[in-house]
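Q: In full-length UniProt numbering, the protein residues as written are 1 to 917.
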Amino acid sequence: MIVLCEVIPKAQTAPLQLCTLSMEGYEMFLNFDPDQRNLGASGRRGILIFVKKSLNMSICEMSFEQTGFHEYLFLDCDKGSRDGLIVGCVYRSPSSDPKDSTDKLCKLLTLASRKEAKHLVIMGDINIKEVDWEAKCTTAGNNHHSQLLLDCLDDNFMFQHVTRPTRYRVNQTPSTLDLVITNEEDTVGEIQYDPGLGKGDHCCLSFNICCQAQAPTHDTLRRNYNKASYTKARQDLQVIDWDGELNCTDVSEAWSNFSGILNNIIDECVPQSRSKQRPDKLYMNSQAMKAKKKKRKAWGRWKQTKAHADFIRYAIERNSLRSLTRDLRSKFEHRLVKDIKNNPKSFWKYTKSRLHVRQKVGALVRSDGSTAQTDQEKAEELNNFFASVFTSEYLSTIPRVDARQSETTLGSLEVTEEAVRKKLEALNPNKSAGPDNIHPRILRELAGELAYPLAILFNKSLKSAKLPEEWQVAHITPIHKKGARTQAGNYRPVSLTSVVGKTMEAIIRDALVGHMSAGNHFTDAQHGFVPGRSCMTQLLVVLEEWTQLLEKGEAIDAIYLDFRKAFDAVPHQRLLCKLGSYGVKGDLYNWVKDFLASRKQRVVLNGTSSSWTPVRSGIPQGSVLGPVLFVVYINDLPEAVSSTVRIFADDSKLYQGVKDNEGRVNLQKDLEALRDWSASWQLPFNVGKCKVLHMGNNNNRQIYTLGDQVLEETTAEKDLGVTVDNHLKFHTHTAQAKNKGSQMLGLIKKSFANLDEQTLPILFKTMVRPHLEYGNVIWGPHYKAGKQELEKVQRRATKMVPSLRELPYSTRLQRLKLPTLEYRRLRGDMIQVFKIMNGIDRIPVQSFFAPVEQSVTRGHSLKLQVPLAKTRARSQVFSVRTVSSWNALPESVVSADSVNQFKSRLDKHWDCQKYVT
1 MIVLCEVIPK
11 AQTAPLQLCT
21 LSMEGYEMFL
31 NFDPDQRNLG
41 ASGRRGILIF
51 VKKSLNMSIC
61 EMSFEQTGFH
71 EYLFLDCDKG
81 SRDGLIVGCV
91 YRSPSSDPKD
101 STDKLCKLLT
111 LASRKEAKHL
121 VIMGDINIKE
131 VDWEAKCTTA
141 GNNHHSQLLL
151 DCLDDNFMFQ
161 HVTRPTRYRV
171 NQTPSTLDLV
181 ITNEEDTVGE
191 IQYDPGLGKG
201 DHCCLSFNIC
211 CQAQAPTHDT
221 LRRNYNKASY
231 TKARQDLQVI
241 DWDGELNCTD
251 VSEAWSNFSG
261 ILNNIIDECV
271 PQSRSKQRPD
281 KLYMNSQAMK
291 AKKKKRKAWG
301 RWKQTKAHAD
311 FIRYAIERNS
321 LRSLTRDLRS
331 KFEHRLVKDI
341 KNNPKSFWKY
351 TKSRLHVRQK
361 VGALVRSDGS
371 TAQTDQEKAE
381 ELNNFFASVF
391 TSEYLSTIPR
401 VDARQSETTL
411 GSLEVTEEAV
421 RKKLEALNPN
431 KSAGPDNIHP
441 RILRELAGEL
451 AYPLAILFNK
461 SLKSAKLPEE
471 WQVAHITPIH
481 KKGARTQAGN
491 YRPVSLTSVV
501 GKTMEAIIRD
511 ALVGHMSAGN
521 HFTDAQHGFV
531 PGRSCMTQLL
541 VVLEEWTQLL
551 EKGEAIDAIY
561 LDFRKAFDAV
571 PHQRLLCKLG
581 SYGVKGDLYN
591 WVKDFLASRK
601 QRVVLNGTSS
611 SWTPVRSGIP
621 QGSVLGPVLF
631 VVYINDLPEA
641 VSSTVRIFAD
651 DSKLYQGVKD
661 NEGRVNLQKD
671 LEALRDWSAS
681 WQLPFNVGKC
691 KVLHMGNNNN
701 RQIYTLGDQV
711 LEETTAEKDL
721 GVTVDNHLKF
731 HTHTAQAKNK
741 GSQMLGLIKK
751 SFANLDEQTL
761 PILFKTMVRP
771 HLEYGNVIWG
781 PHYKAGKQEL
791 EKVQRRATKM
801 VPSLRELPYS
811 TRLQRLKLPT
821 LEYRRLRGDM
831 IQVFKIMNGI
841 DRIPVQSFFA
851 PVEQSVTRGH
861 SLKLQVPLAK
871 TRARSQVFSV
881 RTVSSWNALP
891 ESVVSADSVN
901 QFKSRLDKHW
911 DCQKYVT
C-alpha cells in the first residue's frame, strides 16, 4: 500500500492525467477530482492511496462532514470473521488556523476511533511540530493546540508510532510532522525512514501493518465453578480414607490416586456450561438475545410491508431492547468495578471487547522466509524458538564452589497440614488451572478437606525426592514483548504448571528463603525476592549513593547489564553446585534436582498444542520456586568485582565514582571480570542491550567495552520501571507516568458508559493512579509544572462524572473521596520513612537518616537531623526532602505500632490537607 499527501505540484495548472499516476497491479483511490484545475481546500492539494488489487479495499463512507475537517481519505478492507481493517490518510494544512484545524482533526480522529474496525491505521502530514513524541508531551505549553492532539489520542486510547523527525529543510531544525496513528499498540511494525520522493523535504515512511483475521469462535463446554456444590464435595471428601488411598511407595501412584478421586468429585459437583462467545457485548443475557431477535424480525417485517403498523411494532421492540441493554450494561459495569481488585482480568476482557481489539499471535515468519499460518504451525515455531535458547551445559568445566560458612544446613523438611491449608486458602481463584486441570478455585474452597492428603503427598514427594510427572510439565503461553509480531523472537514464554505443584513449591521456597536469610547468605546487593527488599529499596539506596557522590563533586559512570534469556539459560548442574554450597543437602537438595530434571513443555495457542520439548536448562518462568533459585545462582556475582553492584533478580547495574582515571580503569577491569564470571557460569550477557549512563558535570564520558564490544552510551535508562536520566531530574519519567495515566483514563472513558460517584473512584484508584504513583518516592516531581501535569490527569478524571462536571476541583475531590496527588506523594514519603526507621524495609537507617544529637523540648522523640545539600539533585533526594515533614509530625503518629496504624493516624492528622489544591 502506498499513501501520498499533497500529490499535486504547486506549479500544476492543467488538469491532472490519471494515467501518469497509475501503477500496474495497484488500485488507485483519491479524494479530489482530477479534471479540475484547482484541487484541495487551498486549490493545490490532494490525497492519493495505491492499494494492491488483491487486498480488495473500497472507500469507507464515514460521514465525517460534521467535524468540519475535509482533507481525508479512508479505505475499508473487509477481512471477514468479525474482523476489519480501516486505513486512513489525513492532511492538516500548516496555513490553516492552528487551534481550529487541530480541533476539527481531533473530532475526525474521535469519530474514526468509534468505528467497528478491529484494526485502525491513520497516517498523514499533520504539521504539528511542537510535540516531543518520545516523551509524548508538548514543548509549547499546556494551552497550545498541540496539547489538544495529545489529549485526543489519550481519550480515544490511540497510539502514535513516529518518534523521529520526518521533515528536513536547510537551515531549519528537523521536525516530526508525519504521523502514524493506530488503535492497537503493536499494529505497526518498525518504521523505516527513507529519503523523500524527488525534491521533497519529507521522509518516506515504510512499515508493515500487523493484523490478522480473527478465527470464528465456537461454543465450548467449561466447568462453572460459581455453581458448584461445594457442600456435597466436602461431604464426599470427609469420608475418604486418605491414609489408605495414599499408602503407596511411589509418589506418582499416590498422586494418580489423589487426582483421580478429586477429578471424580469435580465431575459430580461442578457442572459444565456452554461458554457462548459474545466478545462485543459481555453483558448480554438470554433475555436480551431474544429481544434482539424480536427486533430483527420486526425490522424484516417492516422492510417487506412498509406498513405503518409494522414500523410501530419495530419501534416498540427497538426501544424495549435499548432500555434492556442499557440496564444490563449498567449492572454489569457496577459488578465488574466492585470486583476489580480481586479480578482485574475481567476489566481487561471488558475493555478489549469495547475496543474491538484482538491481540493474538498472527502469522509468524520463519528464518527461511516461509510463513507459519495455522495455529499448529505457529505453536511449533514458537516452541522451537523457546527451546533454541536452552544452554548446553559444559559438565567438564563446572567451577569449584567453596562451601559457605553456616551454622545450619537445610536437608529435610516436614510439611504440616496447617502449612498446606494456609497456602491453599491464599490461592487466587481467578487464575487458570494447570495441565492437570485442577482449578485453584476447587483447592481454595476445599482447603480444609484437602490439606491433610496433600500434606501426606508432599512429604512423600520430599522423602522420595521425586515429583509426579504432571508437576514437571508446562503449557507455555507466548506473551508479546515488543517489535514485530511476525517474529517468534519477540515473544517470551510464561509457564502454566500444576497449581498443586506450585503449592508445594511455595512451601519449599519459604524454607529456602528462611535458610538463606538465617545464614545471612543473600548478598547485600540483591533486592529481588528477598524479605524486606523491593524495587524501591534498591532505587532508594542507589539514588542515595549517587547523590552523595555528586555532592562531593565526583562524576559517576553506571553500567546497566542485561543477561540474554537469563531464566532460560541457567545451567542445572551449576545451579545445584551453588545450592549445595549454601548448605542445602539431603532430601531437599535431591527434590530440587528432580524439580529441574525431566521437565518438558509445549506451546498452547488457541487450544492447539505443539509437540512436547524437553527442558535442558533454565528455570520455569511462572513457577513459584524459580525466582529464588535464580537469586541463589546469581548471588556470588558481586564478589567478582570491586565496584558497587545492585541487583534485582536479573536486573543488574555496576557503578563507581570516576573522579580520576583510576576509577574508570577499575570499572573496565570489573567488566572484564564479569565477562569471565559469565563465561564460567554460562550466563551470557546481551551486550547490545547493556548501556552506560554518565553523570556529573566533569564526566569525561569514558568508552567501556564488554568482551570485544563497545557498550552503548545512553542519556536515560529505564531502571526497575523508573526512567533515570543523566541529570537525575526525572522529567522524562514524569511525562511518561502522566501519559500512561492519561491513556488508562482514556481507556476507561471509552469503555464504560456508567461512570458515577461510586464506580469512577474505584476505577481511578485501581487502574489509573498506580501509573501516576509508582516509585514516586524516587522521582516525585519537585517543580510546579511537573506537579500540575500529574494533577491534570486526576482533574480530567473527576470531570468524567456528569453530575460533578461543573463543580470546583476541590469539591469534586471531596465528593469522590480522592485526595490530591500531591498529598498522596507526601503521604507516601512519610510511610517510606516509617518503614525505614522501623526496619520494615531492610536497608540501613544510618545511610539515610541521623537522629538529632541533643534533646529538644518540642516535637517527637524520633526527630532527625536536617542534612545540608549544595547540589539540586541532593536537595531533592528522598533522605533530604522528607526530614522536615517527618520532624513536624506529632509523637502519636510516629510512634505507631504498624504501617496500617501509621497510615490511619497520619490521614487523621492531615485530614484538612487532603483536598487542598
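From the three backbone atoms N, C-alpha and C, an ideal C-beta is built for every residue, glycine too.
From 750, 683, 696, 93, pick the residue whose C-alpha is nearest to that of residue 657; which is it?
A: Here residue 657 refers to the residue found at position 657 when the sequence shown is read from its first residue. With distances taken between Cα atoms, residue 657 lies closest to 696.
Q: Give me the DSSP bridge partner(s) of residue 558.
A: On the sequence shown, residue 558 is found 558 positions in, with the first residue counted as 1. Answer by DSSP bridge pairing, in chain order: 655, 693.
Q: If you reduce the DSSP assignment to three classes, tell me which class residue 572 lands in.
A: Walking along the sequence shown from the start, residue 572 turns up at place 572. Residue state, collapsed to three classes: helix.
Q: Once the 5 residues before and after residue 471 are set aside, which same chain residues still bring their CB inside 6 Å of it?
A: Here the question's residue 471 lines up with position 471 in the sequence shown. Answer for residue 471: 498, 501, listed in chain order.
Q: Using three-state DSSP, classify residue 834 as helix, strand or coil.
A: To locate residue 834, count along the sequence shown from 1; it is residue 834. It is helical.
Q: Between which two residues does the beta strand (DSSP E) containing residue 192 stretch?
A: Stepping through the sequence shown from its first residue, residue 192 is reached at position 192. Residue 192 -> beta strand (DSSP E) spans 192-194.
Q: Starting from the N-terminal side, write out each stretch of the alpha helix (DSSP H) that is 4 residues or longer and does not extend beyond the stretch 353-419.
A: Listed in chain order, the complete alpha helix (DSSP H) runs (minimum 4 residues) inside the stretch 353-419 are 375-388.
Q: Just to confirm, are residue 157 and residue 185 a CB contact at a threshold of 7 Å?
A: As a first step, residue 157 must be located in the sequence shown, where it is residue number 157. As a first step, residue 185 must be located in the sequence shown, where it is residue number 185. No, the Cβ-Cβ distance between residue 157 and residue 185 is not below 7 Å.
Q: If you scan the stretch 94-175 from start to end, which runs of the beta strand (DSSP E) of 3 or more residues do you find wholly inside it?
A: Fully enclosed beta strand (DSSP E) runs of 3 or longer: 119-125.
Q: Between the Cα of residue 898 and the Cα atoms of 261, 852, 834, which residue gives the shortest distance?
A: For this step, residue 898 is matched to residue 898 along the sequence shown. Selected option, being the one with the closest Cα: 834.
Q: Does the separation of the CB atoms of residue 667 and residue 643 fall below 7 Å?
A: Working through the sequence shown from its first residue, we reach residue 667 at position 667. Working through the sequence shown from its first residue, we reach residue 643 at position 643. Contact flag set, yes.
Q: Let me know the secondary structure DSSP gives residue 761 once reduced to three states.
A: As a first step, residue 761 must be located in the sequence shown, where it is residue number 761. In the structure shown, residue 761 sits in a helix (DSSP, three-state: H, G or I).
Q: With a 10 Å radius around its C-beta and 16 neighbouring C-beta atoms as the bar for buried, classify residue 47 as buried or exposed.
A: Here residue 47 corresponds to residue number 47 of the sequence shown, with the count starting at 1. Answer is buried; the Cβ neighbour count reaches 16.
Q: Within the continuous beta strand (DSSP E) that includes residue 478, where are the two ends?
A: The residue labelled residue 478 in the question sits at position 478 within the sequence shown. Taken as a continuous stretch (DSSP letters only), the beta strand (DSSP E) holding residue 478 covers 473-480.
Q: For a test of the three-state rule: what should DSSP assign to residue 66, helix, strand or coil?
A: Residue numbering aside, residue 66 sits at position 66 when the sequence shown is read from its first letter. Three-state DSSP puts residue 66 in a helix.
Q: Can you tell me whether residue 853 is buried or exposed, with buried defined as 16 or more other CB within 10 angstroms of its CB?
A: As a first step, residue 853 must be located in the sequence shown, where it is residue number 853. It counts as exposed.
Q: Taking buried to mean at least 16 other C-beta atoms within 10 Å of its own C-beta, is residue 559 buried or exposed?
A: Taking the sequence shown and counting its residues from 1, the one referred to as residue 559 is at position 559. So residue 559 ends up on the buried side.
Q: Apart from the five residues just before and just after residue 650, which ones in its own chain have a Cβ nearer than 6 Å to its Cβ?
A: One-based indexing of the sequence shown puts residue 650 at position 650. Excluding sequence neighbours, residue 650 sits near 563, 566.
Q: Excluding the 5 residues preceding and the 5 following residue 757 in the sequence, name in chain order all residues of the same chain whose CB lies nearer than 8 Å to its CB.
A: For the purposes of this step, residue 757 is identified with residue 757 of the sequence shown, where counting begins at 1. Same-chain partners within the cutoff: 801, 803, 804, 815, 816.
Q: Checking 7 Å against the spacing of the C-beta atoms, do residue 460 and residue 640 come in under that value?
A: Mapped onto the sequence shown, residue 460 falls at position 460. Mapped onto the sequence shown, residue 640 falls at position 640. No; because the gap between Cβ atoms is not below 7 Å, this pair is not in contact.
Q: Tell me whether residue 723 sits in a helix, a strand or coil according to DSSP, three-state version.
A: Here residue 723 refers to the residue found at position 723 when the sequence shown is read from its first residue. Residue state, collapsed to three classes: strand.
Q: Within a Cβ cutoff of 6 Å, which residues of the same chain sit near residue 545, ignoring the five residues on either side of it in sequence?
A: Taking the first residue of the sequence shown as position 1, residue 545 is located at position 545. So the list is empty, once near-sequence residues are dropped.
Q: How long is the line joining the alpha carbons of residue 633 and residue 73, rounded to whole angstroms?
A: As a working mapping, residue 633 is identified with position 633 in the sequence shown. As a working mapping, residue 73 is identified with position 73 in the sequence shown. Going by the C-alpha atoms only, they are around 57 Å apart.
Q: Under a three-way DSSP split, which group does residue 11 fall into?
A: As a working note, residue 11 is residue 11 in the sequence shown. Residue placement at residue 11 is flagged as unreliable, the pLDDT there being 47, under the threshold of 50; the coordinate-derived value follows with that caveat. Residue 11: coil per DSSP, three-state reduction.
Q: Would you mind sorting residue 916 into buried or exposed? The rule is 16 or more other CB atoms within 10 Å of its CB.
A: Here residue 916 refers to the residue found at position 916 of the sequence shown. Exposed.
Q: Looking at the unbroken beta strand (DSSP E) that takes in residue 712, where does it start and where does it end?
A: Mapped onto the sequence shown, residue 712 falls at position 712. Start and end: 712-714.
Q: Return the residue from the list 378, 491, 495 that minimises the CA-CA distance to residue 474.
A: As a first step, residue 474 is located in the sequence shown; it is residue number 474 there, counting from the start. That would be 495, whose Cα lies nearest to the Cα of residue 474.
Q: Hey, how far is the Cα of residue 556 from the Cα of residue 26?
A: Sequence index remark: in the sequence shown, residue 556 carries index 556 (1-based). Sequence index remark: in the sequence shown, residue 26 carries index 26 (1-based). In a straight line, the C-alpha of residue 556 is about 57 Å away from that of residue 26.
Q: When the distance is taken between beta carbons, is residue 288 closer than 7 Å to residue 314?
A: In the sequence shown, the residue the question calls residue 314 occupies position 314. In the sequence shown, the residue the question calls residue 288 occupies position 288. Contact flag unset, no.
Q: Relative to the C-alpha of residue 462, which candidate in 511, 381, 762, 719 has its C-alpha closest?
A: Mapped onto the sequence shown, residue 462 falls at position 462. Per the Cα distances, 511.
Q: Thinking just about the alpha-carbon of each residue, which of 504, 636, 439, 482 is nearest to the one in residue 453?
A: If you number the sequence shown from 1, residue 453 lands on position 453. Closest option to residue 453, Cα to Cα, is 504.
Q: Residues in the same chain with beta-carbon distance under 8 Å from residue 878, minus the five sequence neighbours each way, listed in chain order, please.
A: As a working mapping, residue 878 is identified with position 878 in the sequence shown. Answer for residue 878: 540, 543, 544, 777, 778, 829, 832, 848, listed in chain order.
Q: Can you list, in chain order, the stretches of the beta strand (DSSP E) that have 3 or more residues and sit fully within the stretch 436-511?
A: Complete beta strand (DSSP E) runs here, min 3: 473-480, 491-496.
Q: Rounded to whole angstroms, what is the Cα-Cα separation between residue 753 and residue 350?
A: The count along the sequence shown starts at 1 and reaches residue 753 at position 753. The count along the sequence shown starts at 1 and reaches residue 350 at position 350. Answer to the nearest angstrom: the Cα atoms are 12 Å apart.
Q: Consult DSSP for residue 535 and reduce its assignment to one of helix, strand or coil.
A: Here the question's residue 535 lines up with position 535 in the sequence shown. In this structure, residue 535 counts as helix in the three-state DSSP scheme.
Q: Nearest chain B C-beta to residue 420 closer than 7 Å, yes or no?
A: The chain inventory of the structure shown lacks chain B, comprising one protein chain alone.
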